[in-house]
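Sequential numbering from 265 applies to the sequence shown in this note's numbering. We treat Cβ as the ideally placed atom computed from N, Cα and C, and that holds for glycine. The structure presented is a predicted model; accordingly, all values stated were derived computationally and were not measured.
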Amino acid sequence: MFPDSDIESYEAFVIRNSGNDWESTVLRDGFTTSLATDLDIDFQRYRPAILYINGEFWGIQNIREKVNEHFISSNHSISPSI
């Protein structure tokens with residue numbers, strides 16, 4: 265789902281509308297998060313997507329990793345505690 269990730273499957277993901285930036289550039293939300301890529305901290309990966317629901321265009325949305333126990337286990341190679 266994310267080209268820069270070794271994770272091959274996800275238990276869940278989030279589709280966001282770029283937060284408060286949805287009427288402007290539609291990229292600040294994902295871009296700001298991507299600044300953490302080279303830091304030694306957890307961050308949600310981001311990928312833009314064109315979203316259609318039942319054939320109706322809903323715009324450009326952001327696919328993001330969902331932060332939950334599976335996010336922690338996948339990104340740190342540990343078993344979830346559930």
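*In terms of alpha-carbon separation, which member of Ile-305, Thr-301, Ile-336 lies closest to Ala-276?*
As a first step, residue 276 is located in the sequence shown; it is residue number 12 there, counting from the start. Checked all of Ile-305, Thr-301, Ile-336; the closest Cα to Ala-276 is Ile-336.
*Could you give the distance in angstroms between the alpha-carbon of Arg-280 and the alpha-carbon of Leu-299?*
Translated into positions along the sequence shown, residue 280 becomes position 16. Translated into positions along the sequence shown, residue 299 becomes position 35. Whole-angstrom Cα-Cα distance: 18 Å.
*So what's Arg-292 in DSSP terms, helix, strand or just coil?*
Taking the sequence shown and counting its residues from 1, the one referred to as residue 292 is at position 28. Secondary structure at Arg-292: helix, using DSSP grouped into helix, strand and coil.
_Mapping the DSSP letters down to three states, classify Phe-321 as helix, strand or coil._
Against the sequence shown, residue 321 aligns to sequence position 57. Assigned with DSSP and collapsed to three states, Phe-321 falls in strand.
*What does a CB cutoff of less than 7 Å around Ile-327 pick up in its chain, not counting 5 residues either side in sequence?*
Taking the sequence shown and counting its residues from 1, one reaches residue 327 at position 63. Only Met-265, Phe-277, Ile-279, Arg-311, Ala-313 meet the Cβ criterion.
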